[in-house]
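Peer 1: Here the sequence shown stands for residues 26 to 101, where the numbers follow this note's numbering.
Beta carbons: idealized from backbone N, C-alpha and C, even for Gly.
So that we are looking at the same thing, I have put the structure below in structure tokens.
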Amino acid sequence: MSGKTAVVESHAHLWQDDVFRHRWVIWNTAGETLVFDRQANCPVDIGDETVLPEVLRRMREAGVPETDDYPGRPCA
């Protein structure tokens, strides 16, 4: 397994976790596309941004919700 593949697979819970299926969403902001964790109420740090397109592709393929609106709860 290549290093890039290993990094992508380390994020598999974002598209394979049936229990928390809607915990994560794909959020399209004005300037970028992020993975958002609704439970933590913040964007997910993917770490290696070169794998973000593949992570997003797999999330979309798995049917993870996608939105242009802020997907979290109000910040205090």
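So does the segment 62–70 actually touch the segment 27–34, counting three or more Cβ pairs closer than 8 Å?
Peer 2: Contact between the segment 62–70 and the segment 27–34 is absent, because fewer than three Cβ pairs lie under 8 Å.
Peer 1: Taking the Cβ atom as the reference point for each residue, do P90 and V44 lie within a distance shorter than 8 Å?
Peer 2: Mapped onto the sequence shown, residue 90 falls at position 65. Mapped onto the sequence shown, residue 44 falls at position 19. Against a cut-off of 8 Å, the Cβ pair of V44 and P90 comes out as no contact.
Peer 1: Would you decide whether P15 is buried or exposed? Buried here means 16 or more other CB atoms lie within 10 Å of its CB.
Peer 2: The structure shown does not extend to residue 15, since the chain is modelled only from 26 to 101, so the question has no answer here.
Peer 1: Helix, strand or coil, according to DSSP, for V44 in the structure here?
Peer 2: As a position in the sequence shown, residue 44 is number 19, starting the count at 1. Three-state DSSP puts V44 in coil, outside helix and strand.
Peer 1: Buried or exposed for P78, please, with buried defined as at least 16 other CB atoms from any protein chain shown within 10 angstroms of its CB.
Peer 2: Along the sequence shown, one-based indexing puts residue 78 at 53. When all chains shown are included, P78 counts as exposed.
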